[in-house]
Amino acid sequence: MTFPPEILSALTLAVEASEQVRGTTSPNPPVGAVILDAAGHVAGVGATQPPGGAHAEVIAL
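All residue numbers for the sequence shown refer to the numbering used here, where the first residue is -12 and numbers rise by one.
In structure tokens:
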């Protein structure tokens, strides 16, 4: 499967965001999320917060 460059870049940002919180989110998994606008530009990046905190998607918004 081939993805456009902006999608690959967004996936990389999501992985990087998840790596930044690794070890701080247990028992939840470290998750990264990226929101793109209609043009494919990054509109937000987020990562899972410590237990009791927001999910990555909420932070990205």
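By construction, the Cβ of each residue, glycine as well, lies at the ideal position given by its N, Cα and C atoms.
Here the structure is a predicted model, which is why all the values come from computation and not from measurement.
A straight-line Cα-Cα distance of about 11 Å links A1 and L23. Here the C-alpha atom of A41 lies approximately 16 Å from the C-alpha atom of G10. A straight line joining the alpha-carbon of A4 with that of G27 spans about 18 Å. Using a 10 angstroms sphere on the CB of I(-6), the tally of other CB atoms stays under 16, which defines it as exposed. As the crow flies, the alpha-carbon of P(-9) is around 14 Å from that of V29.
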